[in-house]
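Protein chains in written order, with UniProt numbering: chain A, 1 to 348; chain B, 1 to 348.
There are 2 protein chains.
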Amino acid sequence: MRDAGGIGRPGPVRRPRAVDVAARAGVSVATVSFVVNGKAEGRVSPATRLRVLDAIAALGYVTDASARALATGRRRQVALLAHDMTNPFTAQVAAGAATGIAEATDGTGHLLLLLAAGLDEPDVEPVGAATVDGVLINYPGTLPAGRPDLPVVHLDDPAAGGHQVSLDVAVGARELARHLADLGHRHVVHLDSNRPWSTFAERRAAFADEFARLVPGAVVTDDRCDIDLAAARDHAAQRAEGWRRSGATAVVAATDVQALGVLAGLHGAGVAVPGQLSVAGFDDIPFAEVSAPPLTTVALPARELGHRGAVLLAQVIEDPAAPPGEPVVLPAHLVVRGSTGPATDLIR
Amino acid sequence: MRDAGGIGRPGPVRRPRAVDVAARAGVSVATVSFVVNGKAEGRVSPATRLRVLDAIAALGYVTDASARALATGRRRQVALLAHDMTNPFTAQVAAGAATGIAEATDGTGHLLLLLAAGLDEPDVEPVGAATVDGVLINYPGTLPAGRPDLPVVHLDDPAAGGHQVSLDVAVGARELARHLADLGHRHVVHLDSNRPWSTFAERRAAFADEFARLVPGAVVTDDRCDIDLAAARDHAAQRAEGWRRSGATAVVAATDVQALGVLAGLHGAGVAVPGQLSVAGFDDIPFAEVSAPPLTTVALPARELGHRGAVLLAQVIEDPAAPPGEPVVLPAHLVVRGSTGPATDLIR
């Protein structure tokens with residue numbers, strides 16, 4: 001460790017070391033190590049831990065994480081690449097991943113937030129520059145540049161291959177198809193996202209196949225809009241009349257954010273839900289329960305997706321050469337609320 | 001830089017250095033530096049940049065960020081301490097902070113996600129262990145342990161002192177008081193959060209003072225619940241009858257998440273909004289626009305709060321000795337939607 005890389009200004013040097021902290025606190029270097037690495041629980045008394053933390057503060061011993069990263073090649077930090085953290089589904093994935101990485105690293109690990117809202121591609125160059133040990137990808141199709149060997153776990157991207165945690169969206173989509181068939185619907189608008197991601201393709205295919213199997217002469221009309229509340233609201237307000245004239249009696253959106261936007265747009269256009277059009281989504285974000293009317297939706301376990309993904313990523317980081325096991329697939333199920341009802345052609 | 005700290009296993013050493021990357025790519029070390037530090041734009045051609053990235057990948061040159069941190073004492077990483085990232089307000093703050101820190105560091109900086117949902121205190125020990133250059137605190141009252149000199153910017157915590165970006169919640173609260181007074185309300189339930197944070201105290205005080213000033217014999221009844229959709233829904237369902245019997249004609253919640261929960265709870269209890277009770281909140285999260293009915297609320301610029309906070313934090317990190325300037329205070333304003341209407345005692 002004679003040379004640390006050469007880029008950047010040379011520092012003032014002679015930083016305080018663990019032995020300095022140990023000497024000041026009157027403890028062993030091992031004790032300092034336990035405290036610094038989050039392993040104090042059950043090993044170091046609270047009073048001693050406080051003394052070590054005081055010594056750390058007094059000496060300005062601040063670069064241990066960097067030093068450890070150089071020594072071990074580990075940053076104890078992973079990134080989540082995501083499309084839009086303000087989508088409640090993504091926020092739940094992030095919250096789950098944060099607890100998962102903390103759990104897998106005994107509380108010493110962190111989750112980096114790499115957003116890509118509104119961009120064609122997220123800025124993954126920082127990941128290529130090695131600030132992380134691995135990446136959770138909830139932004140299908142994106143791979144960090146420059147580090148082909150970086151441990152990666154794909155979330156909700158069944159086409160990705162490799163290490164992945166997925167959702168059984170097809171099961172949920174088929175339940176939704178049966179629910180709408182039972183209510184007498186024969187013509188459904190499928191409002192997809194504008195993202196060519198495999199999870200959305202799977203939702204659409206499973207729904208349409210099951211619906212066609214159950215309903216003679218079934219029609220599924222394809223439409224699409226951004227995964228954005230206002231975009232979906234405006235889209236629905238503009239299309240509402242056309243959807244109804246075409247004979248559609250229900251709208252199935254690829255995500256709850258779109259479905260809630262559709263509810264707002266239909267309300268603005270004077271279309272009654274579910275009286276004139278039924279509406280359903282995927283995700284079961286918390287706000288799906290308090291919309292007007294409450295939203296029928298396929299519940300997807302976002303928090304568990306993030307949590308399981310982070311725990312799996314920690315394993316991949318430990319043993320990068322191990323081949324991917326069977327993909328973890330988390331269950332999905334339909335939640336029926338007030339936004340779906342009998343098809344209008346049956347009740348008029 | 002002869003010794004990097006001493007904690008952790010000694011590594012296999014002889015890591016590839018920037019000069020190795022430069023040699024392999026056939027460029028200067030300065031060029032490697034530009035690419036690695038995100039300064040390639042306008043300085044390094046795309047083809048050369050690709051060659052450098054290829055060389056980085058081929059050599060496994062992965063610890064530059066750690067090396068740079070040791071050399072400069074900078075991690076180019078800040079943390080956001082937050083209560084609950086799944087609250088859309090917090091998610092917007094995080095999204096704004098991520099863009100702010102990227103902007104302030106020319107795209108090389110990151111935002112760390114430190115969650116504290118459901119805990120009495122967030123786990124700030126990792127921050128004490130120096131993985132970051134500074135902290136954005138959106139969890140009032142919490143300070144990272146062990147590093148009294150760590151640069152900190154407080155978000156929406158007017159009582160914190162120091163460097164801060166705040167929201168003019170009092171102006172918005174007074175607008176809301178005038179709006180309800182104009183509608184003939186005299187008795188309002190103020191549904192606070194269970195958190196003893198200064199921003200909530202300020203919202204309540206400004207509302208109650210202005211309401212008392214405008215309405216002779218005004219009554220403001222204090223109530224509280226967790227900042228959680230389901231908790232607020234259950235609370236409102238249980239209290240609805242009591243609120244009405246007490247003569248209250250409106251409920252003002254400290255946050256939109258609570259206000260939306262109240263709407264759901266009142267709906268379940270058969271109380272018409274705004275016919276029997278008006279409801280209003282603070283934040284103007286996107287879902288406030290699509291609730292039933294759409295929510296009257298004090299709009300707070302969450303994304304700008306995070307963005308401005310991150311930019312200010314970058315300045316504090318650059319010049320930690322500079323005294324705090326005047327606090328940045330971002331404007332708030334009332335957005336009137338369908339959840340507020342004339343007081344019931346005037347219309348029956």
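The beta-carbon is built from N, C-alpha and C at its ideal position, and this holds for glycine as well. These figures come from a predicted structure and were not determined experimentally.
query: Bridge partners - GLY134(B), DSSP secondary structure assignment; result: VAL78(B)
query: Cutoff 7 Å: THR86(B) Cβ touching any chain A Cβ; result: yes
query: Chain-ordered chain A contacts of ALA94(B) [CB-CB under 7 Å]; result: MET85, LEU113
query: Classification of SER28(A) by the beta-carbon crowding that lies within 10 angstroms, buried from 16 upward; result: exposed
query: Short CB-CB distance (under 7 Å) between PRO286(B) and chain A; result: yes
query: Proximity to PRO196(A) [Cα-Cα], best of ASP209(A), ASP226(A), PRO216(A), HIS187(A); result: ASP226(A)
query: Close Cβ partners of ALA25(A) (< 8 Å) along its chain, the five nearest in sequence each way excluded; result: THR31, VAL32, THR48, ARG51, VAL52, ASP54, ALA55
query: Cβ shell of ARG43(B) (< 7 Å), same chain only, five flanking positions each side left out; result: PHE34
query: Partners in chain B for LEU229(A), counting only beta-carbon separations shorter than 8 Å; result: PRO286, PHE287, GLU289, VAL290
query: C-beta neighbour in chain B for HIS163(A), strict 7 Å; result: no
query: DSSP beta-bridge partners of VAL330(A); result: As written in the sequence, residue 330(A) is Leu, which differs from the Val given in the question. LEU330(A) is bridged to LEU167(A).
query: C-beta contact flag for VAL328(B) and VAL165(B) at 7 Å; result: yes
query: Contacts of ALA91(B) in chain A (Cβ-Cβ under 7 Å); result: MET85, THR86, ALA91
query: Distance, GLU41(A) Cα to GLY338(A) Cα; result: 49 Å
query: Minimum Cβ-Cβ distance from LEU50(B) to chain E less than 7 Å; result: Absence of chain E from the displayed structure is noted, the protein chains being A and B.
query: Beta-ladder partner(s) of ALA253(A), from DSSP; result: LEU191(A)
query: Cβ shell of ASN194(B) (< 6 Å), same chain only, five flanking positions each side left out; result: ARG224, ASP226
query: Contact with chain B by HIS235(A), beta-carbon distance below 7 Å; result: no
query: Short Cβ contact (7 Å threshold) for residue 350(B) with THR297(B); result: No statement about residue 350(B) is possible, as the shown extent of chain B runs from 1 to 348 and does not include it.
query: Cutoff 7 Å: HIS110(A) Cβ touching any chain B Cβ; result: yes
query: CA-to-CA distance, VAL189(B) to THR221(B), given in whole angstroms; result: 5 Å
query: Contacting positions in the stretch 251-265 of chain A - beta carbon closer than 8 Å to chain B; result: LEU260, GLY261, LEU263, ALA264
query: Secondary structure of ALA299(A), DSSP reduced to three states; result: strand
query: Cβ-based burial, HIS83(A) [other Cβ within 10 Å; buried from 16]; result: buried
query: Nearest-angstrom Cβ-Cβ length linking LEU266(B) and ALA240(B), presumed shorter than 8 Å; result: 6 Å
query: Cβ shell of ALA236(A) (< 6 Å), same chain only, five flanking positions each side left out; result: VAL262, GLY265, LEU266
query: Alpha-carbon spacing of GLU210(B) relative to ALA302(B), whole angstroms; result: 24 Å
query: Local conformation of THR105(B) per DSSP, three classes; result: coil
query: Stretch-stretch touch, CB-based, cutoff 8 Å, three pairs: the stretch 273-293 of chain A with the stretch 307-326 of chain A; result: no
query: Selection from ASP284(B), VAL171(B), PHE207(B) that minimises the alpha carbon distance to LEU180(B); result: PHE207(B)
query: Any chain B beta carbon closer than 7 Å to residue 350(A); result: Here chain A has residues from 1 to 348 only, and residue 350(A) is not among them.
query: Backbone CA spacing between PHE287(B) and VAL19(B) [nearest angstrom]; result: 53 Å
query: Cutoff 7 Å; reference ASP234(B); Cβ partners in own chain excluding five residues on either side; result: GLY265
query: Simplified DSSP assignment, three categories, for GLY242(B); result: helix
query: DSSP bridge partner residues for PHE34(A) (one or two, in chain order); result: Looking at the DSSP assignment, PHE34(A) forms no beta bridge with any residue, so it has no partner.
query: Neighbour flag for ALA104(B) against chain A, beta carbons, 7 Å; result: no
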